[in-house]
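>
Numbering (the UniProt record's numbering), first residue to last: 1 to 138.
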């Protein structure tokens, strides 16, 4: 996106924030209700349920990460269950993952041994379990 398009996007977002009465003190659910879509609300519910059941949640992409942000602001205890699958090319996604304090999984090659080495170098290890493989943070 060129600088002109970026500035247009910022202006639109600022206008919507002002029009909807959103500020730094607006509650996460109120923000979701004012500017979020149903898909973000549904994803937020999935994340909450996963964390409640103590199941790590693989968050894949920018929109899923916005749902994770809403949930993490509602209940910071959810953060340890969040795994960001990758870093999107969108600048906003990097800002969001930095704010959450969650490092996305590294880009990895498709060969099994290469994946294991890459993940281990990033502080992750693979745990085989019958038909699935789980990623566990060290």
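Heads up, the beta-carbon is just placed ideally off N, CA and C, and yes, glycines get one too.
1. Relative to the C-alpha of residue 87, which residue among 24, 45 and 96 is closest?
2. Round the Cβ separation of residue 65 and residue 84 to the nearest angstrom and send it over; I've been treating them as touching at under 8 angstroms.
3. Of the residues 5, 9, 76 and 2, which one's Cα is nearest the Cα of residue 51?
4. By Cβ distance below 6 angstroms, which residues in the same chain neighbour residue 48 in space, the five residues on each side in sequence not counted?
5. Within 10 angstroms of its Cβ, does residue 36 collect 16 or more other Cβ (buried), or is it exposed?
6. So what's residue 55 in DSSP terms, helix, strand or just coil?
According to the structure shown:
1. Taking the first residue of the chain shown as position 1, residue 87 is located at position 87. The shortest Cα separation from residue 87 among 24, 45 and 96 belongs to 96.
2. Mapped onto the chain shown, residue 65 falls at position 65. Mapped onto the chain shown, residue 84 falls at position 84. Taking a contact as a CB-CB distance under 8 angstroms, the pair residue 65 and residue 84 counts as one, their CB atoms being some 6 angstroms apart.
3. Mapped onto the chain shown, residue 51 falls at position 51. Out of 5, 9, 76 and 2, 76 has the C-alpha closest to the C-alpha of residue 51.
4. Taking the first residue of the chain shown as 1, we reach residue 48 at position 48. Counting only Cβ-Cβ distances below 6 angstroms, and skipping sequence neighbours, we find 71.
5. One-based indexing of the chain shown puts residue 36 at position 36. Buried, by the Cβ-count rule.
6. Position 55 of the chain shown, counted from the start, is the residue given in the question as residue 55. Three-state result, residue 55: coil.
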